[in-house]
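Numbered as in the numbering used here, the first sequence ends at 916 without a single skipped number.
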Amino acid sequence: MELAAKYTPAEVESKWYQYWINNGLFHSQPDHREPYTIVIPPPNVTGILHMGHMLNNTIQDILVRRARMTGKNACWVPGTDHASIATEAKVVNKLAQQGIKKRDLTREQFLEHAWSWTHEHGDIILQQLRKLGASCDWDRTAFTMDEVRSESVLKVFVDLYKKGLIYRGLRMVNWDPKAQTVLSTEEVIYRDEKSKLYYLKYYVADTDTLPVKPTNEEGEILHKDAKGYYAVVATTRPETIMGDTAMCINPKDPKNQWLRGHKVTVPLVNRVIPVIEDRYVDMEFGTGCLKVTPAHDVNDYNLGKTHHLDTIDIFNPDGTLSEAAGLYIGQDRMEVRKQIVIDLSAAGLVEKIEDYDNKVGYSERNQDTAVEPRLCRQWFLSMQHFANIALPPVLEGKIKFYPAKYITTYKNWLENIQDWCISRQLWWGHRIPAYFLPTAEDEEEQFVVALSPEEALEEAKKIKGFENITIDQLSRDEDSLDTWFSSWLWPISLFNGINDPGNGEIKYYYPTSVLVTAPDIIFFWVARMIMSGEEYLKDVPFGNVYFTGIVRDKIGRKMSKSLGNSPDPLELIDKYGADAVRMGMMLSAPAGNDILFDEALCEQGRNFNNKIWNAFRLVKSWNVEDKPQPDTAQKAVEWFDNMLCRVHNEIDGLFSKYRLSEALMVVYKLFWDEFSAWYLEMIKPAFGQSIDRQTYRHTLQFFDHLLRLLHPFIPFITEELWQNLQQREEGESIMQAQLPQVHTADTALLSQFEITKEVITNIRNIRLQKNIPAKQSLDIFHKGNADNYYDSLIGKIANISHIQAWKDDMNIPSANFLVNTTEWIIPIGNMIDKEAEIKKIEADIQYYEKFLNSVMNKLNNEKFVNNAKPEVVALERKKQADATSKLETLRENLKRFSE
RNA sequence: GGGAGUUUAGCUCAGCUGGUUUAGAGCAUCUGCCUUACAAGCAGAGGGUCAGUGGUUCGAAUCCACUAACUCCCACCA
């Protein structure tokens, strides 16, 4: 068949993906083989593929494909995540565009919209993964809100509630005013911000009874103006003064002693509040006076509790000011901040304004809205128990982290664990299975937790005073659960291990083999899966965790839409082919390091595919004949067989350490340098000649073996060539081909051949320097004990007709070179440039003299000879001997040339 | 404020418990080649006082200390 000189991936890739699907090659079911399971980190159901997904899924595919080829029953389970906040936000936006407000819809109506959005977009990202070549078992595709997963989530909620690990409590929580939901502490990310520190005047309300006046060392009165005495409070959030219910000083603060026991007036608001004392206050910060707003700051809330202060909640859920604020009602908090500063200044209540760097919390999902601390009644999961069970498996090495440095991060978090706020004020998600009983407003709330309204009713009837309650009187909690409360069950719920504990699948596939994920979700997801695994299966969810880095652009910036530096993965695939893009990702992706993605790497991948393609073209172009195998071919086969074994073993080692980019580089070099540049050149028949059957058979075997080693990285082209290398049965695939068993490589033979390569390179160099055409064959000589095992190969590759031993009485103008201690001599007739030769020899002499000198320094050092290991000393002696002999040869040559 | 990590050729990185010819790879660069598989190629070449300082040692890119720069994570100083 005629093959184009350039490989074109597009057709090939879709053809083979379809073939794999048609033959059910991705599907797994339990059998006698050892399982190899990976569960996909479920992408957002309405998301689209970005470079991070590309990296992550390429790695998973490589691992899964390799597992299949090493006798394992590999199962890669795909699925998507309902991503409650993100998806709900998208649906709300879409509705807004149609002029529909979420508040105008019933829960059911809203969910209908959300589901249709999900059905419309939910498949996109999984379709995109197919383009990449992902060998997921699509029959198992799951969704965190499908029936099995939803049931699992609710069961777990009920179970944990019954175990007393889930509780409902009034806490200071993080509120996202845009999404209008509470967030967990992990979902708040803090950003440095340039802001202002406002120094506000709080006039003393009871000046008449001020016994101690504020003075400086000279006795001058301070903090006094026409309106009286005042304290100064430094704050970054002047808009919260309407919620102030006290001012706090440190009891030991000398400069604020005069305020003890007094009252001050909140500026503008004119509410009189007490001055309280607490050691919490930092005397050095600002003026040492702290305004206390218990409703809107965690620390203030705690102060409020200890000092029994009132709590005034001045914000509405959407971040506007509430009636309780008394001022600026209905305006947004950020607007109010600007306005109140103007108003305060106008009233002469601002002493000064300073620049200030502080950290502001933002919602992880919604990074343009600052999170507001808010006092709320929410559902929490007690985490201490889970921290206790999740720490040992990682510390004891039952779960291995790659890279291991994340063990410290993990440990740190678990040792300072906080309870997990699991309720969200969202509709898109798993609705909390809690039912409230009818109670009056001033009574404490009463509720039951149960899987169904019927069960809830049964539970409710047991409560004193509610014996006659009816099902209509129960009202189910409107809130839903944090998305991670379903993802943390993923490795279990995918195999239905919650609803049907101990079923065949969960027993076979769990624990999974490896989790491939980004380090930024180590707390959100990785840690919590370990918790749920230990809780429900008494076993770890995975044996290994491979943390990928963040994909950045080539100058190290994060990829983002606004920077426009994030390439569209699908466009890259169109341009270079999926194999090339996979290679591009993997060529620079050591575990845990960020990867600096450069399109040039895809080009490198494409070039490599082209290289393989052309090697294939060459091999297929040969005519095969029954004839004796030449000595060169026999030696080449023997050598390459050993080389292949050595690299194969090396790759095994690299995979066991998850050093995938190195494994790829090693096999890349094996194919390009050893196989194409050396082996094929050595066995290549002369133009128009045929190849002997034996060599050809070996070559096909090698090619097959190489394709298998390459397949996990570049599945498409390897399948294409493997299918065409020889006749295959219908349904057969390289995907299922096993990696051959290899023997231990003969290292002596391999290093002998490396010497041969060096000889050839030297000859090529001299040809280049002296302009001797490759076509002109040469006779060469060697001095000393040269092994002649590979002489025939030198002859073939370097076009040498005879290699002979040098006789001392010969006198031929020549160019010489040294390989190890053997000197090689190439007669070059009148092309000799004596001066150049002398210069070269002198440079060599200088180098070896210096080298010998450093060796002798060691050997003359008694301490070295006495203390170093014998083999090290022996090595140095060998260096000495070699260098001495080289110098001898070089000096002789120098003499000859100088004559 | 606490913790972790990084710093090796122009770029991205190897170099595991110190000693394998005074540091390796890929890419990029330079030189010469359109040699009948591949110019997405072939044959060559150059390029590094291993961040700095000090220490341990017969011997340090490798171990220790300090310094500097960068990165990340955690933390309720308004």
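All C-beta atoms in this analysis are idealised placements derived from N, C-alpha and C, irrespective of residue type, glycine included.
Per DSSP, residue 841 is one residue of the beta strand (DSSP E) stretching across 839-844. In the same chain as residue 229, and ignoring 5 residues on each side of it, the C-beta atoms closer than 7 Å to its own belong to 274, 275, in chain order. Listed in chain order, the non-local C-beta contacts of residue 198 below 8 Å within the same chain comprise 102, 192, 441, 442, 443, local neighbours out to five positions each way being set aside. Distances from the alpha-carbon of residue 748 to those of 757, 736, 759 put 736 closest.
If you look at residue 769, you'll find it in the alpha helix (DSSP H) that goes 764-787.
Scanning its chain for C-beta atoms nearer than 6 Å, with the 5 sequence neighbours on each side dropped, one finds around residue 53 the residues 84, 89, 91, 530, in chain order.
Here residue 291 has 263, 280 as same chain residues with Cβ atoms under 6 Å from its own Cβ, once five neighbours each way along the sequence are excluded.
Residue 577 is classed as exposed because its beta carbon has fewer than 16 other beta carbons within 10 Å across all chains shown. Among the bridge pairs identified by DSSP, residue 559 is matched with 529.
Spanning the alpha carbons of residue 453 and residue 169 requires a straight line of approximately 22 Å. The alpha-carbon of residue 644 is positioned some 20 Å away from that of residue 696. DSSP, reduced to helix, strand and coil, places residue 495 outside both helices and strands of the structure shown, so it counts as coil. In the DSSP assignment, the residues bridged to residue 264 are 292, 308. The beta carbon of residue 56 is closer than 7 Å to those of 94, 507, 508, 511, 529 in its chain, skipping five residues each way along the sequence. In the DSSP assignment, residue 819 forms a beta bridge with 796. Straight-line spacing of the CA atoms in residue 59 and residue 811 works out to 56 Å. Taking residue 659 as the centre and dropping the five residues before and after it, the same chain places the C-beta of 762, 763, 766, 767 closer than 6 Å to its C-beta, in chain order.
By the C-beta criterion, the stretch 414-429 is judged not to be in contact with the stretch 215-231, since fewer than 3 inter-stretch pairs fall below 8 Å. Taking C-beta atoms as the reference points, residue 795 and residue 757 fail to come closer than 9 Å. Take residue 627, set aside five residues on each side of it, and the residues of its chain with a beta-carbon closer than 7 Å to its own are 23, 24, in chain order. Annotated three-state conformation of residue 545 is helix, per DSSP. Selection 332, 740, 712, 826 evaluated against residue 721 yields 740 as nearest (Cα-Cα).
A Cβ-Cβ distance of about 6 Å is found for the pair residue 521 and residue 47, placing them in contact under the 8 Å criterion. Annotation for residue 670: the continuous alpha helix (DSSP H) segment containing it runs 648-673. Put simply, the backbone Cα of residue 66 is about 33 Å away from that of residue 403. Per DSSP, the continuous alpha helix (DSSP H) segment holding residue 507 begins and ends at 507-510. Inter-segment contact for the stretch 174-191 and the stretch 460-469 is present: three or more beta-carbon pairs are separated by less than 8 Å. For residue 100 against residue 500, the beta-carbon gap comes to about 6 Å, under 8 Å, which counts as contact.
A contact is defined here as three or more CB-CB pairs under 8 Å, and the stretch 680-699 meets this definition with respect to the stretch 622-642.
A Cβ-Cβ distance of about 6 Å is found for the pair residue 344 and residue 259, placing them in contact under the 8 Å criterion. Using a Cβ distance threshold of 9 Å, residue 799 and residue 734 do not count as a contacting pair.
Here residue 371 is near residue 216, since their CB atoms are less than 9 Å apart. Residue 891 and residue 610 have their C-alpha atoms roughly 40 Å apart.
When C-beta atoms of the stretch 803-810 are compared with those of the stretch 847-854, fewer than three pairs fall below 8 Å, so the two segments do not count as touching. Distances from the alpha-carbon of residue 675 to those of 865, 614, 79, 287 put 79 closest. Counted as a single uninterrupted DSSP element, the stretch harbouring residue 711 is not any beta strand (DSSP E) but the alpha helix (DSSP H) occupying residues 710-727.
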